[in-house]
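Student:
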Amino acid sequence: MDRAPRLSRHDRPSRAHLVVVVIAALLVAGGGVALLLGYRAERESGAGSPSEPPAGASVDPRDPSLSLTVDAARKARAAQITSTFENSTLDLQYGFAENIGDGRGITAGRAGFTSGTGDLLLVVRRYADLKPGNVLAKYIPALEEVDGSDSMAGLDGFAAAWGQAAKDPAQRRLQDEVVDELYFRPAMQMADELGIRTPLGQAILWDTMIQHGSGGANGTQAIIRDTLDDVGPVDDDEAAWLDAFLDARLHHLDHAYQDAETDADASSQSRIDALRSLLDSGNLAMNLPMEWDVYGTTFRLPED
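To convert, note that position 197 of the sequence shown is 196 in numbering that gives the first Met the number 0; the numbers rise steadily by one, no gaps.
1) Going by C-alpha to C-alpha distance, which of R61, I139, S57 and Q170 sits closest to D155?
2) In chain order, what residues of the same chain have a beta carbon less than 7 Å from the beta carbon of T197, not counting five sequence neighbours either side?
3) What ranges does the alpha helix (DSSP H) occupy inside the stretch 220-268, keeping only unbroken runs of at least 4 residues that lie completely in it?
4) Is A33 buried or exposed, if buried means 16 or more other CB atoms sit within 10 Å of its CB?
5) Looking at the strands, I want to know which residues DSSP matches up with V122.
6) Opposite N98 in the DSSP bridges: which residues?
7) Are the Cβ atoms of S114 and G104 separated by less than 8 Å?
8) Taking 8 Å as the cut-off, does the stretch 163-174 touch the stretch 185-201 (at least 3 CB pairs, one atom from each stretch)?
9) Does the structure place the stretch 84-100 close enough to the stretch 124-133 that three or more beta carbon pairs sit under 8 Å?
10) Taking all protein chains shown into account, decide if A77 is buried (16 or more other Cβ within 10 angstroms of its Cβ) or exposed.
11) Indicate the three-state DSSP secondary structure (helix, strand or coil) for R299 in the structure shown.
12) Tell whether a beta-carbon distance below 8 Å holds between A107 and L119.
13) Where do the N-terminal and C-terminal ends of the beta strand (DSSP E) with M289 fall, by residue?
14) For T116, which of helix, strand or coil comes out of DSSP?
15) I'd like the list of long-range same chain contacts for V233, defined as Cβ closer than 8 Å, with 5 residues on each side in sequence excluded.
16) Terminal residues of the continuous alpha helix (DSSP H) containing V145?
17) Nearest-angstrom Cα distance between Q174 and D90?
18) Leaving out five residues before and five after V122 in sequence, what residues of the same chain have Cβ atoms less than 6 Å from its Cβ?
19) For D135, does the three-state DSSP call read helix, strand or coil?
20) Report the CB separation of R66 from Q201 in whole angstroms; it is logged as a contact under 8 Å.
21) From the DSSP output, in three-state form, read off S150 for me.
22) For R224 versus L245, is the C-beta spacing smaller than 8 Å?
23) Please state if the CB of A159 and the CB of A141 are separated by a distance shorter than 8 Å.
24) Roughly how far, in whole angstroms, is the beta-carbon of A110 from the beta-carbon of I209, given that I think they are within contact range, below 8 Å?
25) Look up I80 in the DSSP assignment and say whether it is helix, strand or coil.
26) Between which two residues does the alpha helix (DSSP H) holding P198 run?
27) Excluding the 5 residues flanking H254 on each side, which residues of the same chain have their C-beta closer than 7 Å to its C-beta?
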């Protein structure tokens, strides 16, 4: 379910301009790209989350116990960082649904599932299996018809129905599960294969997967290949490699948005600048507090 770089809500039609994303010409069959599991329940329970080191304490950011695959709290922080890029809020937007004008029909939920790329259909089908007759089930035939296009045929009222369904904790957990399956786990596998071991490095790769998908001309795999061609493998200087990776990512974003409105370029630059500022801070372990600016707004995760 590969896809071209997505717009954030910062660039949606409610703004002065409509930004059109260049859609990747090829969907890689069987390619799974993925994002995050139900970290909310883990965070509430505290399961799998080692205690935060004392302020000023020195930690090895490559410590396996800090990995996003192990530490639910750090995984949650990474999700919040991406949420500020996608929705300009630290809170994940499970109930969001809107046609944002990016050529993919309706974009919905915490990870931007879309009617044009099949992942929205997957979520709705699974929710129908979980709770037959729910408010979204009647849209399955229409979602099947519009899959692969930007058509809105048969989707009148879908946004309101999605918002209603997202009030159900079971539907939100389902979103988490699908996000993890399609985005987070593959991102972490890529990180492992590359030798990216720090939480911030994993978060950067995860955010890239969310916006770019895996395959295609401007997907995460292409960005990785360009970075490897430019600076070689990660080796011992992960921060330097990630800096080069962000350069390559911005290049691909510029290419993807070459025919788009200028505010898409500004949005891309702001997103990359925010990630680079976190990288330049030296806090590869993603210890609290954390602070970054994006789209002119400062976001902060304070110490507990």
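Here a beta-carbon is modelled for each residue, glycine too, at the ideal position from N, C-alpha and C.
Tutor: This is what the structure holds:
1) Closest option to D155, judged by alpha-carbon separation, among R61, I139, S57 and Q170: I139.
2) P60, R61, E237, L283 and A284
3) 237-255
4) In this prediction, A33 scores a pLDDT of 36, lower than 50, which makes its location untrustworthy; the coordinate-derived value is nonetheless stated afterwards. Only buried fits A33, as 16 or more other CB atoms lie within 10 angstroms of its CB.
5) Paired residue(s): none; V122 is not in a bridge.
6) I105
7) yes
8) no
9) Fewer than three pairs of CB atoms, one per stretch, sit closer than 8 Å, so the stretch 124-133 makes no contact with the stretch 84-100.
10) buried
11) strand
12) Cβ atoms of A107 and L119: closer than 8 Å.
13) The continuous beta strand (DSSP E) containing M289 extends over residues M289 to V293.
14) In this structure, T116 counts as coil in the three-state DSSP scheme.
15) Same-chain partners within the cutoff: L193, G194, I195 and W240.
16) I139 to V145 is the extent of the alpha helix (DSSP H) around V145.
17) 15 Å
18) F112 and V177
19) Sequence check: residue 135 is Leu here, not Asp. If DSSP states are grouped into helix, strand and coil, L135 belongs with coil.
20) Checking the sequence shown, residue 66 turns out to be Ser, not Arg. Indeed they touch by this definition, with Cβ atoms about 7 Å apart.
21) coil
22) no
23) no
24) Between A110 and I209 a beta carbon distance of about 7 Å is seen, short of the 8 Å cut, so the two are scored as contacting.
25) helix
26) P198 to H211
27) N217
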